[in-house]
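I have placed the structure first, in the form of structure tokens, so that the comments after it can refer back to it.
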Amino acid sequence: MPTMNMLQAINNALDIAMGEDDKVLCFGEDVGSFGGVFRATSHLQEKYGRARCFNTPLVEQGIIGFANGLAAQGSVPVAEIQFADYIFPAFDQIVNETAKFRYRSGDLFNVGGLTIRAPYGGGIAGGHYHSQSPEAYFAHTPGLKVVVPRDPYQAKGLLLASIRDPDPVIFFEPKRLYRAAVGEVPEEDYQLPIGEAEVTKEGTDVTLVGWGAQLEVIDRAVELAEKDGISCEVIDLRTLLPWDQDSVAESVFKTGRLVVTHEAPRTGGFAGEIAAAIQERCFLYLESPIARVTGLDTPFPLTLEKEYLPDHLKIVEAIRASVNF
Amino acid sequence: MPTMNMLQAINNALDIAMGEDDKVLCFGEDVGSFGGVFRATSHLQEKYGRARCFNTPLVEQGIIGFANGLAAQGSVPVAEIQFADYIFPAFDQIVNETAKFRYRSGDLFNVGGLTIRAPYGGGIAGGHYHSQSPEAYFAHTPGLKVVVPRDPYQAKGLLLASIRDPDPVIFFEPKRLYRAAVGEVPEEDYQLPIGEAEVTKEGTDVTLVGWGAQLEVIDRAVELAEKDGISCEVIDLRTLLPWDQDSVAESVFKTGRLVVTHEAPRTGGFAGEIAAAIQERCFLYLESPIARVTGLDTPFPLTLEKEYLPDHLKIVEAIRASVNF
Amino acid sequence: MTTTADIHEPTFLAGDEFSIPTFRLLKQDGTLHEGAKAPDLEHDKALAIYRAMVATRVLDERMLAAQRQGRLSFYMQCTGEEAAVIGATAALDDADMIMAQYREQGALVYRGFTFDEFMNQLFGNELDYGKGRQMPIHYGSRKLHYMTISSPLATQIPQATGYAYGQKLAGDGQCTTVFFGEGAASEGDFHAALNMAAVHEVPVIFFCRNNGYAISTPSIEQFAADGVAPRAFGYRMHVIRVDGNDILAVYAATREARRIAVEHNKPVLIEAMSYRLAAHSSSDDPSGYRSKKEEEAWREKDPILRMQRWLIDLGWWSEEEEKALQESLRREVLETMKRAEKRPPPPLDSLVTDVYADVTPELQRQLDALKTHIRQYPEAYPKGARSLDPDVRAGDEAAKGGE
Amino acid sequence: MTTTADIHEPTFLAGDEFSIPTFRLLKQDGTLHEGAKAPDLEHDKALAIYRAMVATRVLDERMLAAQRQGRLSFYMQCTGEEAAVIGATAALDDADMIMAQYREQGALVYRGFTFDEFMNQLFGNELDYGKGRQMPIHYGSRKLHYMTISSPLATQIPQATGYAYGQKLAGDGQCTTVFFGEGAASEGDFHAALNMAAVHEVPVIFFCRNNGYAISTPSIEQFAADGVAPRAFGYRMHVIRVDGNDILAVYAATREARRIAVEHNKPVLIEAMSYRLAAHSSSDDPSGYRSKKEEEAWREKDPILRMQRWLIDLGWWSEEEEKALQESLRREVLETMKRAEKRPPPPLDSLVTDVYADVTPELQRQLDALKTHIRQYPEAYPKGARSLDPDVRAGDEAAKGGE
Ligand SMILES: Cc1ncc(C[n+]2csc(CCOP(=O)(O)OP(=O)(O)O)c2C)c(N)n1
Ligand SMILES: Cc1ncc(C[n+]2csc(CCOP(=O)(O)OP(=O)(O)O)c2C)c(N)n1
Ligand SMILES: [Mg+2]
Ligand SMILES: [Mg+2]
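Chains as they are written, first to last, in numbering that gives the first Met the number 0: chain U, 0 to 324; chain W, 0 to 324; chain V, 0 to 402; chain D, 0 to 402.
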């Protein structure tokens with residue numbers, strides 16, 4: 000099996016999707032001949048022509064408006080937002096239009112073909128405009144699906160599934176893994192399920208839930224915790240909306256403890272939703288409060304990024320506190 | 000003391016603020032001579048002139064961009080967004096600019112003078128574009144303050160405090176109360192505190208938390224519950240960001256039970272944050288799972304609005320379930 | 000870039016150097032302007048247009064009255080702008096996509112949306128294609144290539160650019176026409192849409208209805224420029240300004256715009272100058288922001304009367320036919336309204352379907368909990384309860400079969 | 000509305016009917032174009048402008064080199080656009096507000112931002128006004144009336160309209176100048192800003208640096224029109240296109256624009272035609288999207304060399320002075336860089352201050368928890384730990400005192 004980094008896996012998924020279906024289009028700022036500022040769309044214009052892979056003018060609300068229209072027409076647009084921090088000018092098109100298109104028309108029209116890709120997250124010394132994790136905004140928006148891959152294998156399988164999913168998907172790519180995460184990725188076409196979490200490690204004492212680049216951080220924390228003799232179960236949520244409550248609840252029934260982590264600010268972050276839903280479903284099984292290890296309630300900082308981030312040390316402390324409650 | 004409805008109370012607050020400080024300006028779509036589609040800014044242009052109260056072109060991102068600049072310059076803009084459903088074109092200006100202005104400049108510049116007013120919420124047969132409750136998006140955005148009044152008295156005091164607060168405030172007005180809520184409101188200038196919840200009713204068995212128009216709904220539910228002999232404590236959060244955790248936690252220490260309600264969809268709604276934070280702080284005191292009574296995870300409907308809304312019957316059932324857990 | 004000329008004085012331009020003329024063919028008395036030539040418009044088509052204009056007017060009058068009687072929660076009229084909307088629609092291919100703002104019901108009437116279809120939406124009953132989820136006037140029709148209306152302004156403009164780009168790739172010779180008001184043209188989405196359409200050479204017609212007001216805001220507070228038309232220069236886009244009350248001019252301009260769009264894959268901007276004769280919506284009272292005198296002056300320019308005179312001059316129409324048409328339309332509106340009002344609401348399940356292609360597990364849980372709750376309090380939720388009652392459901396089915 | 004003329008043929012316009020000329024005064028050899036007249040620019044001011052241009056160039060070269068050496072995480076150069084930025088700034092009042100995009104450090108240099116101040120921001124040390132929170136090049140200065148840079152594009156454009164509206168109300172005779180690229184001008188915020196400025200008669204100068212590219216995207220894929228200038232017609236706004244590499248033309252045009260803005264409360268659009276000679280940023284390699292030949296052709300139009308020749312012709316400047324200036328600037332950059340690099344980072348508390356005017360209870364809890372955690376693992380957070388260590392803090396204070 001070939002080895003790919005996450006960018007290559009994404010590029011490969013786009014290549015397969017475009018090769019297989021003429022209706023798939025890729026566009027966004029600098030996406031055309033240059034292949035995107037991270038090069039996720041490299042060579043696609045060469046291979047599939049300027050009509051199907053192209054630069055847009057610099058206007059995110061236009062990119063998503065255009066993409067909504069294209070999807071309604073029956074095309075399968077894969078629109079890139081250069082950084083998730085710059086998705087907000089398109090917020091109205093996404094929240095008021097993409098998310099409600101099928102519902103409001105009684106299914107006469109839909110934009111299910113749409114996938115929006117955006118690099119997101121911190122850890123690259125990007126300060127507050129190249130580091131944000133805005134997933135909670137979209138996870139509060141019925142009609143959208145929100146997917147985040149943790150490694151190259153997941154990225155390819157989930158992106159192919161997102162492109163072909165009958166609903167619009169926001170696909171957040173943890174950009175600090177773009178080149179850092181390398182792994183075996185099958186050459187051929189495959190899909191991973193949307194809406195299903197994955198238990199990446201079984202354990203009995205405490206459940207850890209995260210998504211994207213936090214999985215790597217969780218793994219480091221778990222290594223430390225297991226040295227203390229704490230048996231950890233790790234769940235990659237993969238899809239935030241609709242999220243797989245059953246898998247998390249099942250795990251917590253077993254472990255009685257839950258630690259959720261994300262980079263986004265704590266207040267109103269998606270860990271809150273998970274904690275709220277799980278305390279409701281697992282109330283009598285919980286042996287300690289559900290803990291959240293998150294970013295601070297501040298804009299994303301620069302010089303003190305390390306201090307801000309929910310790293311393995313903060314997570315392991317939360318695990319210990321949970322187990323020793 | 001004069002009697003006012005909520006619109007009159009808001010109009011009165013704006014009048015006092017503009018009368019007292021030349022730097023206060025009111026603007027937005029149809030806000031000028033017409034006084035706004037709900038008439039919240041009636042007579043302000045007449046009284047203070049076109050330079051200080053005016054119509055803007057129909058462009059929410061421009062209204063808030065303009066308001067950010069004005070606030071940075073030292074003015075005190077009160078910008079109206081005609082319906083909260085139409086705040087999303089301005090989402091970038093609010094989330095990336097308003098919220099981060101002071102932080103990113105190290106306090107060289109700030110937009111603390113800014114207040115954004117927007118009618119919000121359902122119950123007026125408005126369908127999904129005249130009924131939304133988008134507060135959770137903003138409550139996940141450090142740097143903003145989010146305030147929601149429950150009645151005319153609160154509206155005047157909180158709006159005056161918001162205008163004068165050193166931080167930018169999003170002020171959501173429950174529009175179904177605009178004319179429906181009538182009460183005594185002092186003629187003179189007064190402020191109510193931002194960041195402080197209010198216990199509107201004391202009780203011992205269960206704590207109810209809500210904001211805005213839900214307080215009225217909670218009151219109806221509490222009436223029913225108390226007939227069953229359940230003693231309810233009711234808290235109006237008033238400010239969602241930063242929210243008054245201490246008041247809610249203190250109440251739950253006493254009652255051991257919590258029901259939170261809002262109209263917005265459940266998943267990712269602000270009740271999740273409250274549940275997550277309170278289960279963490281009050282874990283050993285909780286006698287039943289924290290319950291959320293919310294809108295469904297759908298766009299806001301029309302014909303079946305009654306079925307969608309978290310009404311007093313749904314709340315009283317949640318109270319009973321909580322007490323009988 | 001075609002910047003060739005140099006200047007050595009700091010000379011500022013503002014575009015007032017030239018103004019954009021208005022294309023007109025028909026005078027208010029029904030005769031042609033001097034030097035004007037009517038477009039090819041054969042008898043049947045001319046009458047189809049005219050009938051659609053009258054039908055739209057009658058529908059609007061009756062439904063506003065129904066709203067006033069409390070039978071309907073909300074309504075919006077096209078009154079005064081029928082020629083702009085229907086003239087443009089008639090110049091298109093019937094399979095061209097139309098993306099409207101909300102005041103373009105005339106386009107649907109012209110394309111054959113029945114009064115029953117209108118009423119089902121207006122009353123949000125079980126036959127509404129939109130399943131009773133949107134406020135009145137948010138029509139949509141897949142078979143008539145009319146995108147379901149969305150309340151947020153201007154969002155449909157870049158969507159039209161995207162839709163038309165898809166049509167260009169599909170190579171089916173279709174284009175998209177997007178309608179919007181001069182107010183909506185202030186939104187950022189307008190700028191995005193026009194620029195992208197020009198850059199990507201998209202067959203889309205941007206049809207701006209400049210009716211002088213955005214709710215209470217007069218166009219003089221909307222923009223300082225001479226209307227919306229000069230913006231086209233900023234994108235290098237073809238543009239024409241047309242008398243929006245002149246059915247022949249609108250028709251001719253749109254036909255030519257469509258030719259440019261489809262044959263050359265070039266977007267076109269049309270600015271139709273008209274006036275919103277009615278209130279903004281049933282919630283609005285224009286006396287707060289404009290004078291009766293101004294309204295009267297525009298009422299004299301009524302586009303329907305203008306076309307009627309032209310048709311009568313041609314011998315294609317008569318007073319008697321007019322009377323008969325009006326009467327039959329009124330009757331039909333009232334009858335369909337009665338039918339639609341009585342129809343039951345959409346079933347409870349429609350609360351959670353179509354959020355996604357399939358109902359998610361969480362939505363199913365929420366629906367199940369809601370059903371349990373409604374069974375406990377059926378009187379409190381009559382609409383929801385009725386679709387949980389098997390007898391009622393059976394009755395509904397039988398009633399449907401009977402029509 | 001000034002629509003008077005009528006036409007009876009459906010004639011479409013596209014604005015190509017007239018093109019927008021370019022205002023130029025200075026030729027590349029340092030002499031004036033025929034018929035051109037240099038603006039009043041006395042000796043001292045001319046040299047201040049020139050020195051700022053050279054200082055900007057030197058700063059950019061050195062800091063890019065520092066980035067390449069890994070001493071700096073990121074950098075962006077103004078190279079090639081110094082005349083546009085500094086010529087405009089020099090034509091303003093020093094108390095006028097400037098809202099820049101990110102490539103306008105020349106404006107700060109001209110206004111007297113010291114190399115120390117630059118370096119503190121670039122290294123995000125404890126003396127950075129921005130407290131180390133933003134990426135390098137996000138400068139701001141309250142005393143120099145230069146708004147702190149924000150990465151999201153075009154957001155500053157409507158803010159400038161608002162700021163200038165406030166200035167107009169304050170009646171202090173100041174205006175605002177907002178810089179942005181031809182790429183950023185595609186954003187919806189651009190449209191909002193210009194339209195609102197025209198409607199509300201705001202003293203703001205919209206200064207578009209058209210440097211041919213937005214990262215890899217050439218302007219031909221950004222818009223189909225002849226640049227950004229013709230958009231002014233859509234708002235009825237004064238506009239001028241100027242050779243952005245011509246310091247005299249930029250200066251003269253901006254001075255006149257400021258007069259129009261301040262005396263008549265009218266916004267003005269200036270489009271300065273130039274070229275980004277360097278990469279987009281230190282993360283970019285332009286060889287992937289443009290030719291060396293194209294770059295070379297523009298290098299020949301270097302704005303600094305052009306001004307230098309003009310100054311030498313006037314006898315206001317010499318080769319020796321040039322050499323001395325370059326050397327002293329290089330030395331100064333290196334020295335200040337060394338100082339700034341060594342300075343400690345901002346204190347841990349700066350993570351939570353300035354989110355609000357006062358630290359909220361929840362932020363205080365979060366900070367306290369973080370401090371406890373860092374005390375447990377001081378080696379893992381050297382920057383955070385150092386400000387928790389009382390010895391280090393005392394040492395810092397002493398060091399500061401010593402300078
Ligand atoms: C984004 C957004 N902002 C505000 C509104 C509220 N609103 C509805 S119609 C309208 C005026 C529209 O005027 P115009 O575009 O000129 O169309 P007209 O009503 O004149 O046909 C406004 C402000 C909205 N629907 N969407
Ligand atoms: C809203 C937003 N979208 C995308 C970006 C990423 N980005 C940074 S600079 C840039 C190109 C800007 O080009 P232009 O405005 O022409 O300025 P120039 O770099 O040429 O000076 C892009 C796309 C951003 N910073 N903000
Ligand atoms: Mg209008
Ligand atoms: Mg550029």
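The beta-carbon is built from N, C-alpha and C at its ideal position, and this holds for glycine as well.
Taking all protein chains shown into account, decide if residue i is buried (16 or more other Cβ within 10 angstroms of its Cβ) or exposed.
i: Leu427 (chain V); result: Within the shown structure, residues of chain V are numbered from 0 to 402, placing residue 427 (chain V) beyond reach of any answer.
i: Ile15 (chain W); result: buried
i: Arg49 (chain W); result: exposed
i: Phe324 (chain U); result: exposed
i: Ala4 (chain D); result: exposed
i: Asp242 (chain V); result: buried
What is the DSSP secondary structure of residue i, counted as helix, strand or coil?
i: Glu197 (chain U); result: strand
i: Met118 (chain D); result: helix
i: Phe282 (chain U); result: helix
i: Leu347 (chain V); result: helix
i: Arg256 (chain U); result: coil
i: Met146 (chain D); result: coil
i: His42 (chain V); result: helix
i: Thr175 (chain V); result: strand
i: His261 (chain W); result: strand
i: Tyr307 (chain W); result: helix
Can you check whether the C-beta of residue i is within less than 8 Å of a C-beta belonging to chain D?
i: Phe328 (chain W); result: What the structure shows of chain W is the stretch from 0 to 324, and residue 328 (chain W) is not part of that stretch, so it cannot be assessed.
i: Val292 (chain W); result: no
i: Tyr101 (chain V); result: no
Just to confirm, does residue i get its C-beta within under 7 Å of one of the non-hydrogen atoms of ligand 1?
i: Ala418 (chain V); result: It is not possible to answer for residue 418 (chain V), since the shown part of chain V is limited to 0 through 402.
Residue i CB to nearest chain U CB: under 8 Å?
i: Arg103 (chain W); result: yes
i: Lys36 (chain D); result: no
i: Thr302 (chain W); result: no
i: Pro141 (chain W); result: yes
Below 7 Å, is the gap between the Cβ of residue i and the nearest heavy atom of ligand 4?
i: Ala403 (chain V); result: In the structure as shown, chain V begins at 0 and stops at 402. Residue 403 (chain V) is therefore absent and cannot be evaluated.
i: Glu195 (chain W); result: no
Would you say residue i faces chain W, with C-beta separation under 8 Å as the test?
i: Val351 (chain V); result: yes
i: Ile289 (chain U); result: yes
Is any non-hydrogen atom of ligand 3 found closer than 7 Å to the C-beta of residue i, if you look at the structure I gave you?
i: Ala213 (chain V); result: yes
Regarding residue i and ligand 2, is the C-beta to nearest heavy atom distance less than 7 Å?
i: Arg101 (chain W); result: no
i: Asn119 (chain V); result: no
Are any of the Cβ atoms in chain V nearer than 8 Å to that of residue i?
i: Asn264 (chain D); result: no
Where in the region 198 to 239 of chain D do unbroken runs of the beta strand (DSSP E), each at least 3 residues long, occur, reported from the N-terminal end onward? Runs of the beta strand (DSSP E) lying entirely within the region 198 to 239 of chain D, each at least 3 residues long, are 203 to 209 in chain order.
Note down, one range per segment and in chain order, each alpha helix (DSSP H) of at least 4 residues found wholly within the region 137 to 217 of chain U. Runs found: 151 to 163.
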